[in-house]
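Worksheet: one structure, shown below.
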Amino acid sequence: MRVMALYSQSKSFRLSIFLQSLFAVEAAFMLGNLLYGNISVKIAILGLAKGITLCGDHDSLPVFWMVLYWIAPVVYELILMALAVYKAVEFWRTSAGFKGFTLVKVLIQDQILYFIVVIACSLMQIITFRSSLNPAFANFLDTVGNASFLCVIGSRLLIHLKEVGERNVDGTTVVSYSLRTIC
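When we follow our numbering, the leftmost residue of the sequence shown carries the number 1, and every step to the right adds one.
Put into structure tokens, the structure is as follows:
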């Protein structure tokens, strides 16, 4: 959505359709991969002691399918990042280094940061599937490359954008909020 905001002045209907279609393809691909994984995995039930039962997957998916699951976001985010960088270069050329376009500058900087984090998380997940990795290192990559970091980064982007949008040209805050009491 933020990439479309960068391109809103150009009224690019075709780009909007292309990005929405690409997102739909990515979502369908990931959903299909997830469904295939849930259907094909074999569940194992293990009784440890009386009243204690564990269950889990007996055979995991082939590495090929697990890697494909993470390649879809990498491809989609690389395309979005290329569009954002292209628009950043275009703004930079026309406005002599973003002067007067503080909101656009923040939008582009945060968008590129988000894309880098998405790509890094996806690549760490792909690397985790290599069987030759040290288990401790694989667990480290799985933790650091966890997709929950994207939620934190996404919230940061929205808060940063809101803060910059409230700033006046001289750096003072334009909008102030008051908290209402519930009583």
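Built from N, CA and C at the ideal position, the CB exists for glycine as well.
Quick caveat: nothing in here was measured; it's all calculated off a predicted structure.
Asked: Helix, strand or coil at A49 [DSSP, three-state]; Found: strand
Asked: Of the listed residues V104, G37, A44 and I17, nearest to V67 (C-alpha basis); Found: G37
Asked: Inter-residue Cα distance where the pair is P135 and T128; Found: 9 Å
Asked: Neighbourhood of V144 by C-beta, 7 Å cutoff - its chain only, sequence neighbours within 5 removed; Found: M124
Asked: Residues that A192 bridges to, as DSSP identifies them; Found: Residue 192 lies beyond the range of the chain shown here (1 to 183); nothing can be said about it.
Asked: Span of the alpha helix (DSSP H), counted from its first residue to its last, around N134; Found: Note, N134: premise wrong, no alpha helix (DSSP H); not H, not E.
Asked: Distance, A44 Cα to G165 Cα; Found: 54 Å
Asked: C-beta contact flag for I119 and E77 at 7 Å; Found: yes
Asked: Where S122 falls, given that 16 or more other Cβ within 10 Å makes a residue buried; Found: buried
Asked: Contacting residues, own chain, Cβ-Cβ under 8 Å from T53 (five flanking each side not counted); Found: I45, L46 and G47
Asked: Residue closest to H160, alpha-carbon to alpha-carbon, out of T102, I116 and A147; Found: T102
Asked: Own chain residues within Cβ distance below 6 Å of A72, not counting five before or after; Found: E26, F29 and M30
Asked: Run of the alpha helix (DSSP H) containing A147, from where it starts to where it stops; Found: Where A147 is concerned, there is no enclosing alpha helix (DSSP H), given that its DSSP letter is neither H nor E.
Asked: Nearest-angstrom Cα separation, counted from R167 out to F64; Found: 49 Å
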